[in-house]
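Student: I have a structure I would like to understand better, so I am pasting it below and will then ask my questions one at a time.
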Amino acid sequence: MGAFSTLLSGLALAASIGMASARKCQNITIPVSISARNGVFNVAVPQNNIDVTNLMLNMAKQESNYTAAVLTGYATVSGAYDLATTFCEPDMGAGKVLQILTHGVGFDRGYWDIPLNNYNYSYVETAVDQYGFTTLSWDRLGIGMSEHGEPVNEIQAFLEIAALKAVTRLARTQKLPGVAQGRRFDKIVHVGHSFGSIQSYALARDEPSLSDGLILTGFSANGTFLPFFQLGGNFVSVTSVPAAASQYVAGYLAAGNPSAVQTNFFAPGAFDPAALDFAYKTSQPVSVGELFTIVGAAGGVNNFPGPVLVITGERDVPFCGGDCLATGGNPSLASIPAAVKNAFPVSRRFESFIVPGAGHGLNFEYSKDITYQHISQFLLLSGLG
Ligand SMILES: *[C@@H]1O[C@H](CO)[C@@H](O)[C@H](O)[C@H]1NC(C)=O
Ligand SMILES: *[C@@H]1O[C@H](CO)[C@@H](O)[C@H](O)[C@H]1NC(C)=O
Ligand SMILES: *[C@@H]1O[C@H](CO)[C@@H](O)[C@H](O)[C@H]1NC(C)=O
Ligand SMILES: *[C@@H]1O[C@H](CO)[C@@H](O)[C@H](O)[C@H]1NC(C)=O
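Those letters in the sequence shown? Residues 5 to 389, per our numbering, in order.
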């Protein structure tokens, strides 16, 4: 038994040395002091699965806005928080362009560097090894190994966006801690998935000079279909999930089973069952405060002047209702995500791209290489390579 486990760890070490020769990654804890104008919600923290389902039924009700119904006002929330991040650069040294990667609901920063099939699904591998980018992925504030918080009135989109801005400012002023200290980047690009795209969108809208390019994956400007996600996720209280219960308090909601993750993130015929299994086993919860503020954080005209790529799976559920090409009453619109162009009146380059047959969880599907290559090529064509 002892010899066997020694052999196994030796193999794991050999494998990780093999990977390290392709790119250098380091985990860095980034402390930030931030404040934001958060919503104040008068709602009881859901304590059990019945409470959670009741909340979802209230949120998904047609022709109503539960967020508005329970919003009593706004208050400034401030704090010092530790963020868990991973910094990766090419073997040859730091690339000139830094990509800041923000994951969506249901995942942590591991979404960008999935180890399945010897990292064959890794976005970071493509960006760093093939294209020479440097990447910084972070667990969003409140999620994964970043500091958690009170799940209704503290961990909301607004405070998380403040955290993303703070990290970006540190990168711009060469003040990232650890191995990244002093690294100078010519350009900084923001890449998001889903809720991470919304946060990247908000950063560029609020402070256009903080970003040089936006890649919004799993995204559209159409909130009509979010209730599909709210109901499809079969959400339960994280306190009822043995693997996560010790890490989170009530008020964080987890996917109820693998089928819930499949419904919201995986398109029919587009994935390896092992990828679904991995996505479920490593899935992360969402806070009630995040769910209340997802739509509100995404609004407004965006006067970001840099290049913008929206890239979404054809069968995306939350942002396209399962068909991005069904543009209903607007036959002149090529796809639902194509309408995002209207939100960027001064972007010097805008493209929307639909990944054929893919679902919302682009990085976990067979089509991932189409997604990854399209993103890197877009950045090169935009002078950000
Ligand atoms: C970074 O932290 C994650 C989560 O603990 C771990 O899986 C990964 O191996 C670490 N990576 C490095 C390069 O240390
Ligand atoms: C619901 O209300 C909130 C708070 O007023 C607002 O930010 C959000 O945009 C509204 N949602 C929709 C879908 O209109
Ligand atoms: C969202 O997309 C659907 C389907 O194409 C369309 O009917 C609806 O008008 C769109 N809503 C908005 C706000 O664009
Ligand atoms: C990596 O993914 C591609 C595209 O899905 C596939 O063709 C290839 O066989 C995979 N390689 C490995 C080692 O799994």
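Even glycine gets a Cβ: it sits at the ideal position worked out from N, Cα and C.
Only a predicted model underlies this, so the values are computations on that prediction, with no experimental measurement involved.
Can you check whether the CB of Ala206 is closer than 8 Å to the CB of Asp143?
Tutor: Taking the first residue of the sequence shown as 1, we reach residue 143 at position 139. Taking the first residue of the sequence shown as 1, we reach residue 206 at position 202. No, these two residues do not count as a Cβ contact at 8 Å.
Student: DSSP three-state label for Leu17, please.
Tutor: The residue you call residue 17 lines up with position 13 of the sequence shown. Because Leu17 carries a pLDDT of 40, less than 50, the predicted location of this residue cannot be relied on, and the following value inherits that uncertainty. Residue state, collapsed to three classes: helix.
Student: Shortest alpha-carbon distance to Arg176 belongs to which of Ile192, Arg27, Thr297?
Tutor: The sequence position of residue 176 within the sequence shown is 172, counting from 1. Of Ile192, Arg27, Thr297, the residue nearest in Cα terms is Ile192.
Student: Using three-state DSSP, classify Gly377 as helix, strand or coil.
Tutor: Position 373 of the sequence shown, counted from the start, is the residue given in the question as residue 377. The sequence as given places Gln at residue 377; Gly does not occur at that position. Helix at Gln377.
Student: Taking the Cβ atom as the reference point for each residue, do Tyr376 and Thr130 lie within a distance shorter than 8 Å?
Tutor: Counting from 1 along the sequence shown, the entry for residue 376 is found at position 372. Counting from 1 along the sequence shown, the entry for residue 130 is found at position 126. It is a contact, given that the beta carbons lie within the stated cut-off.
Student: Quick check on DSSP: helix, strand or coil for Val195?
Tutor: For the purposes of this step, residue 195 is taken as residue 191 along the sequence shown, with counting starting at 1. Note: Val195 maps to strand in three-state DSSP.
Student: Could I get the ranges of all uninterrupted beta strand (DSSP E) runs contained in the region 144 to 215, with 3 residues as the minimum, in chain order?
Tutor: As far as the region 144 to 215 is concerned, its whole beta strand (DSSP E) runs of at least 3 residues are 191 to 197.
Student: Give me the pocket residues for ligand 1, defined as CB within less than 6 Å of any heavy atom, sorted by chain position.
Tutor: Taken from the N-terminal end onward, the list reads Cys29, Gln30, Asn31, Thr90.
Student: Using a strict less-than 5 Å threshold between each residue's beta carbon and the heavy atoms of ligand 3, what residues do you get?
Tutor: Output, sorted by chain position: Asn226, Thr228, Thr331, Gly332.
Student: Give the DSSP-derived three-state secondary structure of Ile340 in the structure shown.
Tutor: Taking the first residue of the sequence shown as position 1, residue 340 is located at position 336. Three-state DSSP puts Ile340 in coil, outside helix and strand.
Student: Counting only runs of 3+ residues fully inside the region 240 to 298, write out the beta strand (DSSP E) ranges in chain order.
Tutor: Counting whole runs of 3 or more residues, the region 240 to 298 contains the beta strand (DSSP E) stretches 256 to 259.
Student: Closest to Thr221 by C-alpha separation, out of Ala208, Gly200, Ser215, Asn238, would be which residue?
Tutor: Position 217 of the sequence shown, counting from 1, holds the residue named residue 221. Nearest option by C-alpha distance: Gly200.
Student: Within the continuous alpha helix (DSSP H) that includes Ile118, where are the two ends?
Tutor: Start at 1 with the first residue of the sequence shown, and residue 118 comes out as number 114. Careful: Ile118 lies outside any alpha helix (DSSP H) and carries neither H nor E.
Student: Taking only the alpha-carbon atoms, compute the straight-line gap between Lys65 and Gly389 and give it to the nearest angstrom.
Tutor: Counting from 1 along the sequence shown, the entry for residue 65 is found at position 61. Counting from 1 along the sequence shown, the entry for residue 389 is found at position 385. Cα-Cα distance, rounded: 45 Å.
Student: How big is the Cα-Cα spacing for Ser25 and Gly97?
Tutor: Working through the sequence shown from its first residue, we reach residue 25 at position 21. Working through the sequence shown from its first residue, we reach residue 97 at position 93. Model confidence at Ser25 stands at a pLDDT of 45, short of 50, so the residue's coordinates are unreliable and nothing is read from them.
Student: Alpha carbon to alpha carbon, how far is Ile374 from Asn122? Give it in angstroms, no decimals.
Tutor: Taking the sequence shown and counting its residues from 1, one reaches residue 122 at position 118. Taking the sequence shown and counting its residues from 1, one reaches residue 374 at position 370. Spanning the two alpha carbons is a distance of roughly 18 Å.
Student: Could you tell me whether the region 354 to 361 touches the region 314 to 333, where touching means 3 or more Cβ pairs closer than 8 Å?
Tutor: The answer is yes - the region 314 to 333 touches the region 354 to 361, with three or more Cβ pairs under 8 Å.
Student: Tell me Thr33's beta-bridge partners as DSSP assigns them.
Tutor: For this step, residue 33 is matched to residue 29 along the sequence shown. Looking at the DSSP assignment, Thr33 forms a beta bridge with Ala88.
Student: What residue range is occupied by the uninterrupted beta strand (DSSP E) comprising Leu329?
Tutor: Here residue 329 refers to the residue found at position 325 of the sequence shown. No beta strand (DSSP E) holds Leu329; DSSP gives it neither H nor E.
Student: Taking the alpha-carbon positions, what's the Ala338 to Thr331 distance?
Tutor: Residue mapping note: residue 338 aligns to position 334 of the sequence shown, counting from 1. Residue mapping note: residue 331 aligns to position 327 of the sequence shown, counting from 1. Using only the alpha carbons, I get a separation of about 7 Å.
Student: Does DSSP put Gln66 in a helix, in a strand, or in coil?
Tutor: Position 62 of the sequence shown, counted from the start, is the residue given in the question as residue 66. Gln66: coil per DSSP, three-state reduction.
Student: Using alpha carbons as the reference points, say which of Val44, Asn58, Phe91 lies closest to Ala79.
Tutor: In the sequence shown, counting from the first residue as 1, residue 79 sits at position 75. Among Val44, Asn58, Phe91, the Cα nearest to that of Ala79 is on Val44.
Student: On the DSSP letters alone, give me the boundaries of the alpha helix (DSSP H) that Phe232 sits inside.
Tutor: Sequence index remark: in the sequence shown, residue 232 carries index 228 (1-based). Per DSSP, Phe232 belongs to the alpha helix (DSSP H) from 230 to 236.
Student: Run the proximity test for Val44: is its beta-carbon closer than 7 Å to any non-hydrogen atom belonging to ligand 2?
Tutor: By 1-based counting over the sequence shown, the position of residue 44 is 40. No.
Student: With H, G and I counted as helix, E and B as strand and the rest as coil, what does DSSP make of Gly387?
Tutor: Position 383 of the sequence shown, counting from 1, holds the residue named residue 387. Of the three classes helix, strand and coil, the one that applies to Gly387 here is coil, per DSSP.
Student: Name the residue from Arg27, Ile219, Ser204, Tyr125 whose alpha carbon lies nearest to the alpha carbon of Leu384.
Tutor: In the sequence shown, counting from the first residue as 1, residue 384 sits at position 380. Of the listed residues, the one whose Cα sits closest to Leu384 is Ile219.
Student: Kindly identify the DSSP beta-bridge partner or partners of Phe45.
Tutor: Position 41 of the sequence shown, counted from the start, is the residue given in the question as residue 45. DSSP output for Phe45 lists Leu75 as bridge partner(s).
Student: DSSP has Ile104 in a bridge; who is on the other side?
Tutor: In the sequence shown, counting from the first residue as 1, residue 104 sits at position 100. Ile104 is bridged to Leu140, His194.
Student: Can you find at least 3 beta carbon pairs, one from the region 108 to 115 and one from the region 284 to 302, that sit closer than 8 Å?
Tutor: As far as the Cβ criterion goes, the region 108 to 115 touches the region 284 to 302, which means the pair count is three or higher.
Student: By the three-class DSSP mapping on this structure, what secondary structure does Ser25 have?
Tutor: Working through the sequence shown from its first residue, we reach residue 25 at position 21. Because Ser25 carries a pLDDT of 45, less than 50, the predicted location of this residue cannot be relied on, and the following value inherits that uncertainty. Three-state result, Ser25: coil.
Student: So what's Gly300 in DSSP terms, helix, strand or just coil?
Tutor: For the purposes of this step, residue 300 is taken as residue 296 along the sequence shown, with counting starting at 1. Gly300 falls in the helix class under three-state DSSP.
Student: Leaving aside the five residues before and after Phe239 along the sequence, list all residues of the same chain whose C-beta is less than 8 Å from its C-beta, in chain order.
Tutor: Residue numbering aside, residue 239 sits at position 235 when the sequence shown is read from its first letter. So the qualifying residues of the chain are Val56, Thr57, Met60, Leu257, Ala258, Ala259, Gly260, Ala264, Val290.
Student: Is the beta carbon of Gly186 within less than 7 Å of some heavy atom of ligand 2?
Tutor: Within the sequence shown, numbered from 1, the residue matching residue 186 stands at position 182. Outside the cutoff, so no.
Student: Cα separation between Leu214 and Ala208?
Tutor: Taking the sequence shown and counting its residues from 1, the one referred to as residue 214 is at position 210. Taking the sequence shown and counting its residues from 1, the one referred to as residue 208 is at position 204. The alpha-carbon atoms of Leu214 and Ala208 are separated by roughly 7 Å.
Student: DSSP three-state label for Val81, please.
Tutor: As a first step, residue 81 is located in the sequence shown; it is residue number 77 there, counting from the start. Strand, per DSSP.
Student: Would you say the beta carbon of Asn157 is closer than 7 Å to some non-hydrogen atom of ligand 2?
Tutor: Along the sequence shown, one-based indexing puts residue 157 at 153. No, Cβ of Asn157 sits at least 7 Å from all heavy atoms of ligand 2.
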